[in-house]
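Okay, structure first, notes after.
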Amino acid sequence: MKQWSFVISQQHSLSQIWEAKDLQALAASQHPKLVFIYTGSGFDNLYAFVQRWLEEKLDNVEIIGVTTGGHFMDNSPGSQQLMVSITLFEQSYIQVLPVNMQSSPLSALAINQILHHTPNLSLVMLLSTPVDDPLLDVVLNLQLPEQTQLFGGVASPVHPTGLLCGSDPLQSGFVLVLIQSQNLHCRTFSYTGWLPMSMNRRITDAQGSWIKSIDNLPAFEVYHNYTTIENDNQFAHDALAFPVLLPRPSLLLSRVPVEVNNAGHIRVAGDVLTGEDVSFGYGDAHRSLACIDDWCTTLADFAPQVLFGYSCTIRNMLFADYAWQETMLPGSLAPMSGFVTWGEYSSVKGKVTLNNTSLLMVALREGDASPIYARATPARMARTRPSLMSRLVNFMHVASEEFREHNQQLSTQAQTDKLTGLYNRYRLDSELLSLLHQASAARNFSLVLMDIDHFKQVNDAYGHQTGDSILRQISELVCNQLRWQDIAGRWGGEEFMLLITDSDKTQLTTVLKRLQQAIAHASMPFGLTITCSFGAAQWQPGDDERSLVRRADIALYNAKDQGRNRFVID
1 MKQWSFVISQ
11 QHSLSQIWEA
21 KDLQALAASQ
31 HPKLVFIYTG
41 SGFDNLYAFV
51 QRWLEEKLDN
61 VEIIGVTTGG
71 HFMDNSPGSQ
81 QLMVSITLFE
91 QSYIQVLPVN
101 MQSSPLSALA
111 INQILHHTPN
121 LSLVMLLSTP
131 VDDPLLDVVL
141 NLQLPEQTQL
151 FGGVASPVHP
161 TGLLCGSDPL
171 QSGFVLVLIQ
181 SQNLHCRTFS
191 YTGWLPMSMN
201 RRITDAQGSW
211 IKSIDNLPAF
221 EVYHNYTTIE
231 NDNQFAHDAL
241 AFPVLLPRPS
251 LLLSRVPVEV
261 NNAGHIRVAG
271 DVLTGEDVSF
281 GYGDAHRSLA
291 CIDDWCTTLA
301 DFAPQVLFGY
311 SCTIRNMLFA
321 DYAWQETMLP
331 GSLAPMSGFV
341 TWGEYSSVKG
351 KVTLNNTSLL
361 MVALREGDAS
371 PIYARATPAR
381 MARTRPSLMS
391 RLVNFMHVAS
401 EEFREHNQQL
411 STQAQTDKLT
421 GLYNRYRLDS
431 ELLSLLHQAS
441 AARNFSLVLM
451 DIDHFKQVND
461 AYGHQTGDSI
471 LRQISELVCN
481 QLRWQDIAGR
491 WGGEEFMLLI
501 TDSDKTQLTT
511 VLKRLQQAIA
521 HASMPFGLTI
531 TCSFGAAQWQ
541 PGDDERSLVR
551 RADIALYNAK
561 DQGRNRFVID
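Quick note on numbering: full-length UniProt numbering labels position 387 of the sequence shown as 387, and the sequence is numbered without any gaps.
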């Protein structure tokens, strides 16, 4: 696996560069070649000339054009001139799938079928035009095979056409590069450098990329309170420095606000979900640079042959020279190419995620680590004394962390049952209202009321300490049996409420059987056998909090009436 990158300013310089880099052997190779042409000035005459020239020179080649906010290669600072990156795959095959959202859109389901029927699909590269809700609806519903990783970036919106696949322009759409290999190895680094400066708030209403309300207040009202940024024609520019941060499982996502409507709703560059936590952040360039420096040190053992980089345009605007230093460091390990993006794609457990403000580096290698590459060491960053601004940022970070930790303690105390550690009734009410707001035919959920059978007799015979021990043990069993997205809490006394998300009746039955058996076979104090009764109600259109709880309560009554140690689903 090899890569060559070069900048072209004039048509006649292309032949000279080709000879200087001794690329005649590349032209003769029959191995697959992937070419990216990065342009900061649109698809002009120079771009068209370079594309035609490469098509004539190279066999078995795929050419993709990307408009960028700047681009970089190897360990050189960024450039706005047209740049060509050629990657030669020696042990892999590539397919290119363009999706035009205007003329020939494909559904996520159709693309997923292609992905899952492509043998040895090791890696997917995703390049898209600037995102909108229809595009996000497809991209974020892609489901990758278990062994497949994905990475990529969003083209600059400066020019009407963001991508060219061959000679086909995409004004709204994306390109997937499917890389098939049994011997391709990948290592990624992703870091935002943005740190939370506020306590976590709750998004109480969202749709697509719009945040409508936070803690039941208009989203802009909350955002303005923290940042003092006004809703004027400078909003998008001023908001770049203060993205919203979304702590999702296994990662922290950032979303840049791009506009505010008359209702005080904020549109961000990415998806948001009703019910998720949100905070507001600020950037620390020095910390970010130190992190990429440390990653480069550990990457030497991986021995990359090729590197791809994606750096959000916001980093260049706010971090200035620091942002170019970030992209230069990995280039001392292996040939590297990349561009300044308007969003960065990656994957977590087969799901595609879109981030803003981040730096994404991808190291690739075909075959085993080469001793030559393994001996390479990155050029270490000059550990300069932190600037006054860096010290101020660190002060803000420490102060914010102290405040957040204290607030988290208070929040936990207010929302958690002291005995069991589960959510209390106050938090359960909040979670139920959030699920009711999101519920639809495509996003169903079930409410389960669970009651410990004959618990009063246990308390009377063995004492309240034994009863408390059983409550804690059952709470732990429940948590271990539920999925991470399900919710459990103590409803009162020996009664618990479970909120089982995204489940039909068959899935709900499986969950309840598993819980019932786990509790019945658990080792309890004094050798007691403890059982539970369950009443479940699946959400139906028109349900509110009272009707859903009432139906579950009636189902629980029926389970007890039928002899206990069983479940009834309404």
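By construction, the Cβ of each residue, glycine as well, lies at the ideal position given by its N, Cα and C atoms.
Am I right that Ala-155 and Leu-163 are in contact with their C-beta atoms under 8 Å? What's the rounded C-beta distance? 6 Å
Mapping DSSP to helix, strand and coil, what is Thr-87? strand
Beta-bridge partners of Ile-470, as assigned by DSSP: Ile-470 is not bridged to any residue.
Give the DSSP-derived three-state secondary structure of Val-272 in the structure shown. coil
Inter-residue Cα distance where the pair is Thr-531 and Ser-523: 12 Å
Identify, in the order they occur along the chain, each residue of the same chain with its Cβ nearer than 8 Å to the Cβ of Ile-17, setting aside the five sequence neighbours on each side. Phe-6 and Ile-8
What number of angstroms, rounded off, separates the C-alpha of Val-306 from the C-alpha of Glu-366? 9 Å
When the Cβ atoms of the stretch 535-547 are set against those of the stretch 439-450, are three or more pairs found closer than 8 Å? Remark: three or more beta-carbon pairs, one from each stretch, lie closer than 8 Å, so the stretch 535-547 and the stretch 439-450 are flagged as touching.
From Asp-368 to Lys-33, what distance separates their C-alpha atoms? 21 Å
Hey, Asn-261 and Arg-255: beta-carbon distance below 9 Å or not? no
Less than 8 Å between the CB atoms is what I'm expecting for Ser-181 and Ser-279, so what's the real figure, rounded? The pair is not a contact, with the Cβ atoms about 40 Å apart (cut-off 8 Å).
Which term fits Asp-561, buried or exposed, when burial requires 16 or more other beta carbons within 10 angstroms of its beta carbon? It counts as exposed.
Residues that Ser-533 bridges to, as DSSP identifies them: Asp-451
Assuming Ile-94 and Ile-179 make a contact with CB atoms under 8 Å, what is their CB distance in whole Å? So it is a contact: roughly 5 Å between Cβ atoms.
Pairwise C-alpha distance: Pro-335 and Leu-435: 48 Å
Given a cut-off of 9 Å, decide if Phe-43 and residue 615 are closer than it, judged by their beta-carbon atoms. Absent from the structure is residue 615, since the part of the chain shown begins at 1 and ends at 570.
Between the stretch 189-209 and the stretch 167-177, are three or more C-beta pairs nearer than 8 Å? no
One or two residues paired with residue 588 in a DSSP bridge: No information on residue 588 is available, as it lies outside the stretch 1 to 570 that the chain covers here.
Quick check: is the beta carbon of Val-138 nearer than 9 Å to any beta carbon in chain D? Among the protein chains of the structure shown there is no chain D, as only one such chain exists.
Smallest Cα separation from Gln-81: which of Tyr-38, Leu-88 and Val-61? Of Tyr-38, Leu-88 and Val-61, the residue nearest in Cα terms is Tyr-38.
Residues near Gly-264 by beta carbon distance below 7 Å, same chain, minus five either side: Shown here for Gly-264: same chain residues with a beta carbon closer than 7 Å to its own, the five before and five after excluded, namely Pro-218, Ala-219, Phe-220 and Glu-221 in chain order.
Of the choices Asn-233, Ala-239 and Gln-507, whose alpha-carbon is the least far from that of Thr-357? The shortest CA-to-CA distance from Thr-357 to any of Asn-233, Ala-239 and Gln-507 is the one to Ala-239.
Every unbroken beta strand (DSSP E) within the stretch 160-198, with a cutoff of 3 residues, ordered by chain: Complete beta strand (DSSP E) runs here, min 3: 163-165, 168-170, 173-180, 184-191 and 194-196.
Would you say the stretch 308-318 touches the stretch 472-484, given that touching needs at least three Cβ pairs under 8 Å? No: fewer than three Cβ pairs fall under 8 Å.
How many Å lie between Ala-235 and Val-258 at the Cα? The question names Ala, but residue 235 is Phe in the sequence shown. Taking the straight line joining both Cα atoms gives about 7 Å.
Under a three-way DSSP split, which group does Glu-431 fall into? helix
Just checking my contact of Phe-151 with Ser-337 at CB under 8 Å: how many whole Å lie between their CB atoms? Rounded, the Cβ-Cβ distance is 13 Å, inconsistent with contact.
Since Gly-270 and Leu-354 should fall inside the 8 Å C-beta cutoff, what is the C-beta to C-beta distance between them, to a whole number of angstroms? Between Leu-354 and Gly-270 the Cβ distance is about 5 Å, and since that is below 8 Å, they are a contact.
Assigned exposure category for Asp-293 - 16 Cβ within 10 Å defines buried: buried
Cα-Cα separation between Arg-564 and Ile-519, rounded to whole angstroms: Each residue's alpha carbon lies about 13 Å from the other.
DSSP beta-bridge partners of His-237: Paired residue(s): none; His-237 is not in a bridge.
To the nearest angstrom, how far is it from the Cα of Phe-526 to the Cα of Thr-416? 28 Å
Please check the pair Val-131 and Gly-343, which I expect to be a contact at CB under 8 Å, by giving their CB distance rounded to whole angstroms. In this structure, Val-131 and Gly-343 form a Cβ contact; the two beta carbons are roughly 6 Å apart against a cut-off of 8 Å.
Gly-152 by DSSP, collapsed to three states: which one? strand
Name the one or two DSSP bridge partners that Ala-363 has. Arg-187 and Leu-307
Quick check: what's the CA-CA separation for Phe-445 versus Thr-501? 4 Å
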